[in-house]
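So in my numbering, spot 71 of the sequence shown is number 290, and the numbers just go up one at a time.
Glycine included, each C-beta is placed from N, C-alpha and C at the ideal position.
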Amino acid sequence: MGIVSAAGLRLSRPGPVAVAGGLAAGFVLLAVVGPLAAPHDPLAVDLAHRFEAPGLTHLLGTDHLGRDILSRLI
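If you want it as structure tokens, here you go:
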């Protein structure tokens, strides 16, 4: 293996710092975009829709107080 190909191989693999940086950037992006992507108010109680199964309105369903689980997860 030549010097150039060894250097290219070393640069093509992401190191631990690059992986950690990518994860940190993903968390920051989720923190910024998450509230905009949440379909419902995560704290709104709707007892008429308790324990709904996942569907088009609530993608992950609702909990025991009728709160949207996806919005609470984000």
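Span of the alpha helix (DSSP H) holding residue i?
i	result
Gly253	Pro235 to Ala256
Gly291	At residue 291 the sequence reads Arg, which differs from the Gly that was named. Ile288 to Leu292 is the extent of the alpha helix (DSSP H) around Arg291.
Taking the alpha carbon of residue i as the reference point, which residue from the options has its own alpha carbon closest?
i	options	result
Leu279	Pro261, Val236 and Leu266	Pro261
His283	Gly234, Val251 and Ala267	Ala267
Asp265	Pro233, Thr281, Ala237 and Arg232	Thr281
Arg269	Leu255, Val251, Gly285 and Val238	Gly285
What does DSSP give as the partner residue(s) for residue i in the beta ladder?
i	result
Thr281	Asp287
By Cβ distance, which residues of its chain are closer than 6 Å to residue i, with the 5 residues on each side in sequence left out?
i	result
His277	Glu271 and Asp287
Arg291	Pro261
Gly257	The residue asked about is misnamed: residue 257 is Ala in this sequence, not Gly. Around Ala257: Ser290 and Ile293.
- [ ] Please confirm if the segment 241–252 is in contact with the segment 269–288, defined as three or more CB-CB distances below 8 Å between the two stretches.
- [x] Result no; under three Cβ-Cβ pairs closer than 8 Å.
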